[in-house]
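Residues 2 to 124 (our numbering) make up the sequence shown, in order.
Every residue, glycine too, gets a C-beta built ideally from N, C-alpha and C.
Quick notes on the structure that follows.
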Amino acid sequence: MANTEAALKEAMTIDGAIGAALVDYTSGMALGTIGGGKDLDLNVAAAGNTDVVRAKVRTMEHLGLKEEIEDILITLDTQYHMIRLLKSRGSNGLFLYLALDKQRANLAMSRHQLRKIEAELEV
């Protein structure tokens, strides 16, 4: 089992990784961040992506969908932004956020690796 710091470090080994965060979407606070920089403020991204997750959860409730969100993908001109909701015991209300350089990332492999990181994460 990996802790937050180890999980985020592992996320940064994914090809094309720019930054990663573990986020509490009940508060919008980043519990841990790595990477980012002047062009990617991970604390701002954490708060903003909390709104994305909340909106999707609300929409699913209005639609009567009884499914769980696995991940959310936002595709920009030069980046992918992945949001993976955590489902392990004790991690309710948390998501992993990963920003990737679109030119260097393999989206399928990135999703696979993020799923593996989630499975090993102990919060």
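Check: alanine 31: beta carbon under 8 Å from a heavy atom of the ligand FAD?
Finding: The ligand FAD is not among the ligands present in this structure, which contains no ligands whatsoever.
Notebook entry, point to check: What number of angstroms, rounded off, separates the C-alpha of glutamate 69 from the C-alpha of arginine 55?
Noted result: 13 Å
Checklist line | Residue from Lys67, Asp40, Glu62 and Glu71 whose Cα sits closest to the Cα of leucine 97 | finding: Glu71
Notebook entry, point to check: Quick one: what's got a C-beta closer than 7 Å to lysine 57's C-beta in the same chain, skipping five residues either side?
Noted result: Correct list, in chain order: Ile70 and Ile73.
Item checked: Close-in-space but distant-in-sequence residues of the same chain around glycine 17 (CB under 6 Å, 5 per side omitted) -> Leu101, Asp102, Arg105 and Ala106
Check: Any idea which residues DSSP pairs valine 24 with across the strands?
Finding: Valine 24 is bridged to Ala31 and Phe96.
Notebook entry, point to check: Counting pairs of beta carbons, one from the region 3–18 and one from the region 44–55, are three or more of them closer than 8 Å?
Noted result: no
Check: Should serine 111 go down as buried or exposed, given a rule of 16 or more other Cβ atoms within 10 Å for buried?
Finding: buried
Notebook entry, point to check: Hey, is arginine 85's beta-carbon within less than 9 Å of any beta-carbon in chain D?
Noted result: Reference to chain D is not applicable here, since this structure consists of a single protein chain.
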